[in-house]
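S.K.:
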Amino acid sequence: MSRVYNFSAGPSAFPESVLKQAQQEMLEWRDSGMSVMEMSHRGKHFSIIAEELESDLRALLAVPENYKVLFLQGGASAQFSLIPQNILNGKSKACYLKTGAWSEKAIKDAGAYCNAVVSASSEDTKFTSIPEASSWLIDSQAAYLHYTSNETIHGVEFQSCPDSFGLPLVSDMSSNILSRKIDVSQYGLIYAGTQKNMGPAGVTVVIVRDDLIGHASKSVPPVFNYAEQAKNQSMLNTPATYSWYLCGLVLKWLKEQGGVDGIEQRNIAKAAKLYQAIDQSALYSNPVETASRSRMNVPFILADESLDKPFLAAAEANGLFELKGHRSVGGMRASIYNAIPEAGVQALIDFMAEFERTH
Ligand code: PMP
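Numbering (my numbering) for the sequence shown: 2 to 360.
Quick look at the structure:
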């Protein structure tokens, strides 16, 4: 067996120790006599898994008491439509910051349920920057202000919590949740698919302030109604039990890494190294303005496009996989989530230098 360094944008690399633990527990979880996959979601064993999952996530993010933590299905994509249906609360408008492909999608989908006002856009810079907050056009009648804290495709990340201008702040944290410290109390709602920093695909975390729920439009299916799911511990339907379990293992691993504080320091170091290598090279470049560069997804292009294919082939030959950029932006992208060790980033940097030397 030879495991490679996997720079996939998601589903993405897992901590190897978590995979080994899952392997060890595959046939029997603790002394339950069965695999997690075989357990009733209402049984005493799975109840422990579910409780630990929620309490570990609450502890890692210091989620205040007046927030619900939900584990839903349908991905972050479903949330694009479900957020307006759940929290518009009679209002007809919501404000959105358009900073890349994912916020663009969120705006498009929300448009079926409300007037999705684009308060600011960086489309004119091809999504390589974040517009200054002083230029945002905020409508005080809006139900919330939505932004995507890390644009997975364009490699653009907010480095701090933006001003909400008095509106409940809603954030898609799919690709940077648990990678850096956040103050949950500054948000109305945070959502994230788990398949990057939290576990496998199949679970969508929604952290929502109590006062925002309970006013969903009548047409929302109960399984997508936040208040209904909160009342039922996210078990109004059968949850993705095995994915919940794996998320739980990843959270325990993260605690061993020093929690979010500990991993953030490593993420800062990993990203700094890789950007420095790109900036110093004559072959590679990253188009994103320095202050908005993502610590999680590092897109880069080669000065000569004809080298793309040889680069990818040579990278794979060196055990470095999934470096092809998203089809909409081309070039390369290295996703360096929590589970990518510093050694993986160093191996990529060494390979890139060697490729540049020989091409
Ligand atoms: N938002 C962001 C920032 C993402 O990166 C992704 C997935 N790459 C999504 C939303 C959509 O997630 P899903 O496919 O789980 O619906």
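From the three backbone atoms N, C-alpha and C, an ideal C-beta is built for every residue, glycine too.
1) Leaving out the 5 sequence neighbours to the left and right, which residues in its chain are closer than 6 Å to residue 216 when beta-carbon positions are compared?
2) For residue 78, is the beta carbon positioned less than 7 Å from some heavy atom of the ligand NAP?
3) Leaving aside the five residues before and after residue 29 along the sequence, list all residues of the same chain whose C-beta is less than 8 Å from its C-beta, in chain order.
4) Report the residue from 116, 133, 142 whose alpha carbon sits nearest the alpha carbon of residue 123.
5) Consult DSSP for residue 43 and reduce its assignment to one of helix, strand or coil.
6) Run the proximity test for residue 339: is its beta-carbon closer than 7 Å to any non-hydrogen atom belonging to the ligand PMP?
7) Please go through the segment 128 to 199 and give each complete beta strand (DSSP E) segment of 3 or more residues, from N-terminal end onward.
8) Report yes if the C-beta of residue 74 is less than 7 Å from at least one heavy atom of the ligand PMP; otherwise report no.
9) Indicate whether at least one CB of chain B lies closer than 8 Å to the CB of residue 36.
10) Rounded to the nearest angstrom, what separates residue 345 and residue 197 at their Cα positions?
11) Output the residue ranges of the beta strand (DSSP E) runs that lie fully inside the segment 271 to 343 and measure 3 residues or longer, sorted by chain position.
12) What residue range does the alpha helix (DSSP H) around residue 81 cover?
13) Please indicate yes or no: does the CB of residue 175 lie closer than 7 Å to some heavy atom of the ligand PMP?
14) Give a single yes or no on whether residue 200 has its beta carbon closer than 7 Å to a heavy atom of the ligand PMP.
15) For a quick check, are the C-beta atoms of residue 87 and residue 227 less than 8 Å apart?
16) Measuring from the CB of residue 362, is there a heavy atom of the ligand PMP at a distance below 7 Å?
17) Return helix, strand or coil for residue 268, following the three-state DSSP convention.
18) Hey, would you say the C-beta of residue 1 is under 7 Å away from at least one heavy atom of the ligand PMP?
19) Is it the case that the CB of residue 100 approaches a heavy atom of the ligand PMP more closely than 7 Å?
20) Give me, in chain order, the residues of the same chain whose beta-carbon lies closer than 6 Å to that of residue 364; leave out the 5 immediate sequence neighbours on both sides.
21) From this set, 202, 149, 231, which residue's C-alpha is nearest residue 191's C-alpha?
22) Using CA atoms only, rank isn't needed, just tell me which of 151, 66, 113 is closest to residue 104.
23) Closer than 8 Å is the cut-off here; do at least three beta carbon pairs connect the segment 284 to 294 with the segment 222 to 242?
24) Identify whether residue 72 lies in helix, strand or coil by the three-state DSSP scheme.
25) Would you please state the rounded distance, in angstroms, between the beta carbons of residue 252 and residue 61? I believe it to be under 8 Å.
26) Taking residue 224 and residue 213 to be in contact with their CB atoms under 8 Å, please state how far apart those CB atoms are, rounded to whole angstroms.
27) Please list the terminal residues of the continuous alpha helix (DSSP H) segment that includes residue 108.
28) Does any heavy atom of the ligand PMP sit closer than 7 Å to the C-beta of residue 103?
29) Using the beta-carbon count (16 or more within 10 Å), is residue 359 buried or exposed?
M.R.: By the coordinates alone:
1) Correct list, in chain order: 90.
2) Inclusion of the ligand NAP in the displayed structure is not the case, the ligand content consisting of the ligand PMP alone.
3) The residues are 35, 36.
4) Residue 133 is the option with its Cα nearest to residue 123.
5) If DSSP states are grouped into helix, strand and coil, residue 43 belongs with coil.
6) Residue 339 Cβ: outside cutoff for every heavy atom of the ligand PMP.
7) You should have 146 to 149, 170 to 173, 190 to 194.
8) Not so, every heavy atom of the ligand PMP lies at least 7 Å from the Cβ.
9) Of the chains in the structure shown, none is chain B; there is only one protein chain.
10) If you draw a straight line from the Cα of residue 345 to the Cα of residue 197, it comes to about 16 Å.
11) Entirely contained in the segment 271 to 343, the beta strand (DSSP E) runs reaching 3 residues are, in chain order, 298 to 303, 333 to 336.
12) Here the alpha helix (DSSP H) through residue 81 covers 76 to 88.
13) Residue 175: yes, Cβ under 7 Å from the ligand PMP.
14) No; taking the cut-off as 7 Å, the Cβ of residue 200 has no heavy atom of the ligand PMP nearer than that.
15) Their beta carbons are under 8 Å apart, which means residue 87 touches residue 227 by this criterion.
16) Since the first residue shown for the chain is 2 and the last is 360, residue 362 is missing from the structure and cannot be characterised.
17) Residue state, collapsed to three classes: helix.
18) Because the chain here runs from 2 to 360, residue 1 falls outside it and cannot be looked at.
19) False, no ligand heavy atom lies under 7 Å from that Cβ.
20) Since the first residue of the chain shown is 2 and the last is 360, residue 364 is not available in this structure.
21) Per the Cα distances, 149.
22) Closest option to residue 104, Cα to Cα, is 151.
23) Under the three-pair Cβ rule at 8 Å, the segment 284 to 294 does not count as touching the segment 222 to 242.
24) Strand at residue 72.
25) Right, their Cβ atoms sit about 6 Å apart.
26) The pair is not a contact, with the Cβ atoms about 18 Å apart (cut-off 8 Å).
27) Start and end: 102 to 111.
28) True, at least one ligand heavy atom lies under 7 Å from that Cβ.
29) By the 16-neighbour rule on beta-carbons within 10 angstroms, residue 359 is exposed.
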